[in-house]
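Counting in the numbering used here, the sequence shown runs from 46 upward without gaps.
All residues carry an ideal CB built from backbone N, CA and C; glycine is no exception.
Have a look at the structure below before the remarks.
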Amino acid sequence: MDITVVEISSKMVYIARKWYSLEFDDHHRVVIKDGVKFVEGEARKGVKYDAVLVDVCDSSPLLIQPIICPIRTFLGEAFIRNTAKMISTEGLNSYAKITVVLQLTPHFSNYFNYCNIKDTGIGNMIFYCMLKRPLKEKNINVLEFVKNTPL
């Protein structure tokens, strides 16, 4: 598996390396950059990914932000369109910790042919979309999909 992590803060990468023994190699790298700008650039260059996982939350209280996961800029029309351009034909775009799935589905259906929800069973809903509807099963196992995707 080839993993590119995009993190806006080099401090978070430092913490992950120091406290969680995170290591990078030829198949696991980190890019310090704003995620929206990274996705925009990759889509413009025509780079394809088998999976794009968006896992970003706003730390502001709910009184300030009605949606904290994901951050609103990651739900904008341009970002959704760019992630659709980035994923391969069999690829997957997913959002972790999503809280407002029903309100979002119409926006994603403009770019993806199939969207669904996966309850992780630990208080986290994952919303995922694909360019092509899966042939066999309605509810694909998102974790198995990523695990079984070849390098």
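Query                                                                                                                                                         : Result
Spell out a yes or no on whether the segment 84–102 and the segment 120–130 are touching, meaning 3 or more CB-CB pairs, one atom from each, closer than 8 Å. : yes
Kindly indicate which three-state DSSP category Glu68 falls into: helix, strand or coil?                                                                      : coil
Give me the Cα-Cα distance between Met170 and Ile60, rounded to the nearest whole angstrom.                                                                   : 26 Å
Answer with buried or exposed for Met175, where buried requires no fewer than 16 other C-beta atoms within 10 angstroms of its C-beta.                        : buried
For Arg89, which of helix, strand or coil comes out of DSSP?                                                                                                  : helix
Take Glu52 and list the residues in its own chain whose beta-carbon comes closer than 7 Å to its own, dropping the five residues that flank it on each side.  : Val58, Val75 and Ile77
Let me make sure I understand the geometry here. Which of Ser54, Lys93 and Gly166 has the alpha-carbon closest to that of Ala141?                             : Gly166
I need the straight-line Cα distance from Phe69 to Tyr94, nearest angstrom please.                                                                            : 19 Å
Between the alpha carbons of Ser55 and Arg62, how many angstroms are there, rounded?                                                                          : 11 Å
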